[in-house]
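Q: If you're matching them up, the sequences are chains A and B in order.
Just so we're on the same page, our numbering is the position in the first sequence counted from 1, plus 226.
Just so we're on the same page, our numbering is the position in the second sequence counted from 1, plus 20.
All C-beta atoms in this analysis are idealised placements derived from N, C-alpha and C, irrespective of residue type, glycine included.
Let me give you the structure first, and then I'll get to my questions.
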Amino acid sequence: MRILIVEDDETLAGQIAGNLKDAGYTYDIAYDGEEGHFLGDTEPYDAVILDLGLPVMDGASILKKWRADDRQMPVLILTARDSWTDKVEGLDAGADDYLAKPFIVEELLARLRALIRRSAGQTSPVLEVGPVRLDTRNSKVMVDGAAVKLTAQEFKLLSYLMHHDGKVISRTELTEHIYDQDFDKDSNTIEVFVNRIRKKLDVPVIHTVRGLGYRMEWGEEHA
Amino acid sequence: MSDTADSKGSVSKKTSDSPGAFARFRASLTGRLIVSAVVWSSLALIIGGVVLSFAFRSYVLTDVDERLELLLDTLVGISEVSPNGEFRFNQPLADQRFMTPYSGWYWQVSEASMEPVRSRSLWDFALYSEHEQRRFALRYSIADGPDGQTVRLAEHDIILPEAERVFHYQVATNMAEVQAAIDRFNWLLFSALALILATVTLALVLQVSYGLRPLRRIRRDLVDVRSGRSARLMSSKDGQLPDDLKPLVDEINGLIDQNDKLLQRARTHVGNLAHALKTPLSVIQNEVDGRDDDGAQLIGRQAKSIRVHIDHHLKRARIAGGGSGPGLPVAARIGKLVNAVQVIAGDKAIETKVTCADGISFDGEKEDFDEIIGNILENAAKWARSKVELDVVRLEQGLRRPMLEIRIEDDGDGVPEEEREALFDRGKRLDEHVPGTGLGLAIVRDIADMYGGNVDLSTATLGGLAVTIMLPAK
């Protein structure tokens with residue numbers, strides 16, 4: 227899961243980033259509105275944490291521009307302005323959730339998880355594909371009740387696949403969503419990660435769709 | 021709102037029975053104009069009356085004096101001294117008035133050594149005559165007459181040609197008739213003047229009250245401004261104001277605008293300060309979150325306390341209060357708020373049923389309405405199992421102004437009656453496990469108070485808490 231943080235306070239942005247990293251997310255940070263708008267416009271993010279009071283271009287304008295350009299990723303607004311009128315205006319601008327400062331990062335993460343889940347069409351915080359369970363709340367993966375230990379990159383990959391279970395995900399898409407923008411993207415490493423995950427899970431849930439990518443689904447390979 | 025408007029409305033003058041009423045009336049603009057005008061016009065009327073009365077009196081006296089002089093001349097004309105030295109008239113003075121005793125007309129001719137010759141009308145009375153000092157000129161005076169009468173007396177010392185003797189001629193007439201005429205005239209004069217004064221005073225009162233009407237209009241407008249029914253003095257707009265008062269009204273409006281601007285600026289500054297503090301506060305809270313050394317915990321507690329203070333004052337500074345704008349269409353706004361609350365409630369599925377007729381408007385600021393409805397809806401969503409109901413009704417009958425009754429219910433566990441009032445206390449929460457600063461209902465009540473509305477808690481038909489808010493309608 228790749229998140230865009232648009233926040234001009236570097237310390238706060240750093241804290242959020244640190245927590246996102248610990249929770250198994252990939253992130254990019256933009257410190258002003260223009261850069262934030264550009265990144266959100268060009269990179270595929272699974273969610274955006276958007277501060278409203280930003281230099282160069284304010285958060286609400288960025289959001290309106292994105293929505294006008296049909297950029298539909300879930301956006302969580304972060305703002306010191308917490309009156310109900312501000313909330314209504316933020317949500318009117320196209321935000322999907324709203325968090326008022328000061329906040330605890332844990333609350334932000336909980337909201338972010340729910341946001342990503344809902345936008346992927348998942349209703350429960352625990353994602354299940356056959357015997358594989360991924361608890362988004364604590365980033366734990368279990369197969370038939372037994373915990374499976376995954377590296378950060380492996381977890382990111384599996385989490386993305388499980389959020390979009392049943393759909394064919396290309397290697398490029400996977401690369402885009404588990405690496406930040408500075409990473410030297412090489413889709414071959416994806417194959418390596420997928421093989422490792424398959425080995426660790428030891429159940430047939432990740433299928434290769436030749437020439438297209440991967441699909442998460444419980445059951446033996448068909449077609 | 022009505023309470024404060026009345027208690028502070030010192031401009032209203034329903035003062036006739038209170039002790040310093042007259043003093044206050046005299047100090048008022050109306051009082052000054054009326055009292056000063058009445059004083060100078062009564063002064064003018066009194067002086068005029070006195071002059072007129074004096075003129076009339078001297079006219080009447082002159083008339084009497086002329087008649088006395090004529091009589092005296094006649095008396096002298098018919099007087100002679102007989103060869104034996106006896107005073108007599110050479111023809112009778114055939115006037116009945118001198119025959120009838122105490123008739124009011126008298127004559128007397130006297131000599132120093134002689135018993136005076138008198139008219140019959142004097143009867144047994146003799147007019148006082150002075151013989152020591154001779155005055156050979158006509159003199160008038162007021163003297164005592166017969167029968168207790170006061171008389172106008174004309175006297176002259178004459179030397180008759182036949183004899184080298186000085187005769188003292190006196191002619192008198194009763195003053196009572198003259199005085200009665202003067203009194204009658206004075207009475208008529210002063211009652212006429214009093215009537216004129218009364219009429220003038222009445223005219224003055226009318227004139228002052230008509231003249232000061234624009235000022236009362238301004239006063240009413242000011243009351244409207246303070247009670248929030250209008251934003252500025254409306255009298256400047258409708259052209260009914262005299263030109264000499266326009267600058268005053270324009271100045272007052274300018275003052276109101278400036279006041280608004282200052283308030284707006286102060287509010288913005290408070291907001292900016294509070295908001296600027298929130299980001300560093302987030303950083304501090306996140307830095308100490310999850311650390312359990314004493315220092316970190318202390319900082320965490322202090323940061324939390326700072327946050328509570330900021331929230332408290334920020335929310336209060338934000339209350340705008342006062343209506344008179346175009347009014348806020350309620351139905352559309354509630355839709356947006358319900359949507360916002362649902363987003364913020366996250367995964368919890370709440371079915372919110374809104375009953376609100378189109379065309380209902382709130383007479384006040386959007387921010388205040390949002391704060392009231394948002395807070396209560398959020399509370400309801402927090403405590404509800406699955407359902408929230410919101411009803412808006414416009415009430416008009418029997419009220420001083422139309423009101424909105426907004427009722428928000430949830431199907432949660434509700435709050436026992438004895439604990440409800442505590443919900444309004446600042447920072448109090450009945451259930452410490454559900455997050456929230458607890459300021460929600462307190463701020464809701466503050467805002468409602470500002471609008472002259474109120475907030476009531478009761479048991480919902482759905483089972484949970486019902487919050488009923490009364491707010492002014494447009």
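#1: Is tryptophan 444 of chain A helix, strand or coil when you go by DSSP?
#2: In chain A, which residues lie less than 8 angstroms from aspartate 309 of chain B when you measure between Cβ atoms?
#3: Between the segment 286–301 of chain B and chain A, which residues of the former have a C-beta closer than 9 angstroms to a C-beta of the latter?
#4: May I ask you to list the residues that DSSP assigns as paired with methionine 368 of chain A?
#5: Among the candidates B/Arg338, B/Met423 and B/Tyr122, whose CA atom is the shortest distance from the CA of glycine 472 of chain B?
#6: Which same chain residues end up closer than 8 angstroms to alanine 323 of chain B when comparing Cβ atoms and leaving out the 5 residues on each side of it in sequence?
#7: Chain B beta carbons: is any one of them nearer than 9 angstroms to that of alanine 326 of chain A?
#8: Ignoring anything shorter than 4 residues, give me the alpha helix (DSSP H) runs that lie fully in the segment 288–330 of chain B, in order along the chain.
#9: To the nearest angstrom, how far is the alpha carbon of arginine 441 of chain A from that of threonine 305 of chain A?
#10: Just to confirm, is the Cβ distance from leucine 334 of chain B to glycine 384 of chain B under 9 angstroms?
#11: Taking DSSP as the reference, what is the three-state secondary structure of alanine 306 of chain A?
#12: Against arginine 327 of chain B, what residues of chain A qualify as contacts under a CB-to-CB distance less than 8 angstroms, listed in chain order?
#13: If you draw a straight line from the C-alpha of asparagine 364 of chain A to the C-alpha of leucine 341 of chain A, how long is it?
#14: Give me the Cβ distance between tyrosine 189 of chain B and valine 129 of chain B, rounded to the nearest whole Å; I'm assuming they're in contact under 8 angstroms.
#15: Take alanine 321 of chain A and list the residues in its own chain whose beta-carbon comes closer than 8 angstroms to its own, dropping the five residues that flank it on each side.
#16: Could you tell me if threonine 349 of chain A is buried or exposed, where buried requires 16 or more neighbouring beta carbons within 10 angstroms of its beta carbon?
#17: Could you tell me whether the segment 135–149 of chain B touches the segment 104–124 of chain B, using the rule of 3 or more Cβ pairs below 8 angstroms?
#18: If you reduce the DSSP assignment to three classes, tell me which class asparagine 110 of chain B lands in.
#19: With 9 angstroms set as the bound, which would you pick, yes or no: does the beta-carbon of alanine 223 of chain B sit closer than that to a beta-carbon of chain A?
#20: When we look at the beta-carbon of tyrosine 251 of chain A and count the other beta-carbons within 10 Å, is it buried (16 or more) or exposed?
#21: What residues from chain B crowd round arginine 359 of chain A, counting only those whose CB sits closer than 8 angstroms?
#22: Going along chain A, which residues have a C-beta under 7 angstroms from asparagine 359 of chain B?
#23: Does any residue of chain E have a CB that is nearer than 9 angstroms to the CB of glycine 384 of chain B?
#24: When you compare only the Cα positions, how much space is there between leucine 224 of chain B and arginine 204 of chain B?
#25: DSSP state of proline 281 of chain A, grouped into three classes?
#26: State the beta-bridge partners of tryptophan 125 of chain B as determined by DSSP.
#27: If you measure from the beta carbon of methionine 490 of chain B to each beta carbon in chain A, is any gap under 9 angstroms?
#28: Tell me the DSSP secondary structure of serine 345 of chain A in three-state form.
#29: Verify whether the separation of the beta carbon atoms of alanine 352 of chain B and alanine 377 of chain B is less than 9 angstroms.
#30: Residues of chain A with CB closer than 9 angstroms to the CB of aspartate 312 of chain B, please, in chain order.
#31: Quick one: using the 10 Å Cβ neighbour count with 16 as the cut-off for buried, is serine 123 of chain B buried or exposed?
#32: Just tell me which of B/Phe156, B/Ala296 and B/Gln317 has its CA closest to the CA of isoleucine 330 of chain B.
#33: Using a Cβ-Cβ cutoff of less than 7 angstroms, which residues in the same chain neighbour threonine 434 of chain A once the five nearest sequence positions on both sides are dropped?
#34: Could you tell me how far apart the beta carbons of leucine 482 of chain B and aspartate 431 of chain B are, in whole angstroms, since I believe they sit closer than 8 angstroms?
#35: Rounded to whole angstroms, what's the CA-CA distance from leucine 246 of chain A to phenylalanine 381 of chain A? Just pull it up for me.
#36: With distances taken Cα to Cα, identify the nearest neighbour of glycine 240 of chain A among B/Arg236, B/Ser133 and B/Thr299.
A: According to the data block:
#1: Here residue 444 of chain A refers to the residue found at position 218 when the first sequence is read from its first residue. Tryptophan 444 of chain A falls in the coil class under three-state DSSP.
#2: Translated into the one-based positions of the second sequence, residue 309 of chain B becomes position 289. The answer, in chain order, is Ile330, Val331 and Glu332.
#3: Gly291, Ala294, His295, Ala296, Leu297, Lys298, Thr299, Pro300 and Leu301
#4: Taking the first sequence and counting its residues from 1, the one referred to as residue 368 of chain A is at position 142. Beta-bridge pairing links methionine 368 of chain A to A/Arg359 and A/Ala373.
#5: Sequence index remark: in the second sequence, residue 472 of chain B carries index 452 (1-based). Taking only the C-alpha atoms, the option nearest glycine 472 of chain B is B/Met423.
#6: Along the second sequence, one-based indexing puts residue 323 of chain B at 303. Once the five neighbours on either side are set aside, the close Cβ partners of alanine 323 of chain B are Leu301, Ile304, Gln305 and Val308.
#7: Counting from 1 along the first sequence, the entry for residue 326 of chain A is found at position 100. Yes, because at least one Cβ of chain B sits closer than 9 angstroms to the Cβ of alanine 326 of chain A.
#8: none
#9: Walking along the first sequence from the start, residue 441 of chain A turns up at place 215. Walking along the first sequence from the start, residue 305 of chain A turns up at place 79. Whole-angstrom Cα-Cα distance: 38 angstroms.
#10: To locate residue 334 of chain B, count along the second sequence from 1; it is residue 314. To locate residue 384 of chain B, count along the second sequence from 1; it is residue 364. No, the Cβ-Cβ distance between leucine 334 of chain B and glycine 384 of chain B is not below 9 angstroms.
#11: In the first sequence, residue 306 of chain A corresponds to position 80, counting from 1. Three-state result, alanine 306 of chain A: coil.
#12: What you label residue 327 of chain B is simply residue 307 of the second sequence in a count that begins at 1. The contacting residues are Pro328.
#13: Stepping through the first sequence from its first residue, residue 364 of chain A is reached at position 138. Stepping through the first sequence from its first residue, residue 341 of chain A is reached at position 115. Distance between the alpha carbons of asparagine 364 of chain A and leucine 341 of chain A is about 16 angstroms.
#14: As a first step, residue 189 of chain B is located in the second sequence; it is residue number 169 there, counting from the start. As a first step, residue 129 of chain B is located in the second sequence; it is residue number 109 there, counting from the start. The Cβ separation is near 6 angstroms, so the contact holds.
#15: Looking up residue 321 of chain A in the first sequence gives position 95. Within the same chain, alanine 321 of chain A has close Cβ partners Leu276, Leu289, Val301, Leu302 and Ile303.
#16: Along the first sequence, read from residue 1 onward, the residue named residue 349 of chain A stands at position 123. So threonine 349 of chain A ends up on the exposed side.
#17: yes
#18: In the second sequence, residue 110 of chain B corresponds to position 90, counting from 1. Note: asparagine 110 of chain B maps to coil in three-state DSSP.
#19: Counting from one through the second sequence, the residue named residue 223 of chain B turns up at place 203. No, its Cβ sits nowhere closer than 9 angstroms to a Cβ of chain A.
#20: Translated into the one-based positions of the first sequence, residue 251 of chain A becomes position 25. Buried, by the Cβ-count rule.
#21: Walking along the first sequence from the start, residue 359 of chain A turns up at place 133. The contacting residues do not exist; arginine 359 of chain A stays about 18 angstroms from chain B at best.
#22: Counting from 1 along the second sequence, the entry for residue 359 of chain B is found at position 339. By Cβ distance, chain A contributes Leu317.
#23: The structure shown contains no chain E; its protein chains are A and B.
#24: Residue numbering aside, residue 224 of chain B sits at position 204 when the second sequence is read from its first letter. Residue numbering aside, residue 204 of chain B sits at position 184 when the second sequence is read from its first letter. The alpha-carbon atoms of leucine 224 of chain B and arginine 204 of chain B are separated by roughly 30 angstroms.
#25: To locate residue 281 of chain A, count along the first sequence from 1; it is residue 55. If DSSP states are grouped into helix, strand and coil, proline 281 of chain A belongs with coil.
#26: Along the second sequence, read from residue 1 onward, the residue named residue 125 of chain B stands at position 105. Answer is B/Thr193.
#27: Indexing the second sequence from 1 puts residue 490 of chain B at position 470. Chain A, which has no Cβ nearer than 9 angstroms to the Cβ of methionine 490 of chain B, makes this no.
#28: Within the first sequence, the letter at position 119 stands for residue 345 of chain A. Reduced to three states, the DSSP call for serine 345 of chain A is helix.
#29: On the second sequence, residue 352 of chain B is found 332 positions in, with the first residue counted as 1. On the second sequence, residue 377 of chain B is found 357 positions in, with the first residue counted as 1. Cβ distance not < 9 angstroms, so alanine 352 of chain B and alanine 377 of chain B don't count as in contact.
#30: Locating residue 312 of chain B in the second sequence gives position 292, where the first residue counts as 1. Those do not exist, as aspartate 312 of chain B stays about 15 angstroms from chain A at its closest Cβ, beyond 9 angstroms.
#31: In the second sequence, counting from the first residue as 1, residue 123 of chain B sits at position 103. Buried, by the Cβ-count rule.
#32: As a first step, residue 330 of chain B is located in the second sequence; it is residue number 310 there, counting from the start. That would be B/Ala296, whose Cα lies nearest to the Cα of isoleucine 330 of chain B.
#33: Mapped onto the first sequence, residue 434 of chain A falls at position 208. Same-chain partners within the cutoff: Tyr440.
#34: Numbered from its first residue, the second sequence carries residue 482 of chain B at position 462. Numbered from its first residue, the second sequence carries residue 431 of chain B at position 411. At roughly 4 angstroms, the Cβ-Cβ gap stays under 8 angstroms, so leucine 482 of chain B and aspartate 431 of chain B are in contact.
#35: Stepping through the first sequence from its first residue, residue 246 of chain A is reached at position 20. Stepping through the first sequence from its first residue, residue 381 of chain A is reached at position 155. Going from the Cα of leucine 246 of chain A to the Cα of phenylalanine 381 of chain A covers about 13 angstroms.
#36: Position 14 of the first sequence, counting from 1, holds the residue named residue 240 of chain A. When only C-alpha atoms are compared, the closest one is B/Thr299.
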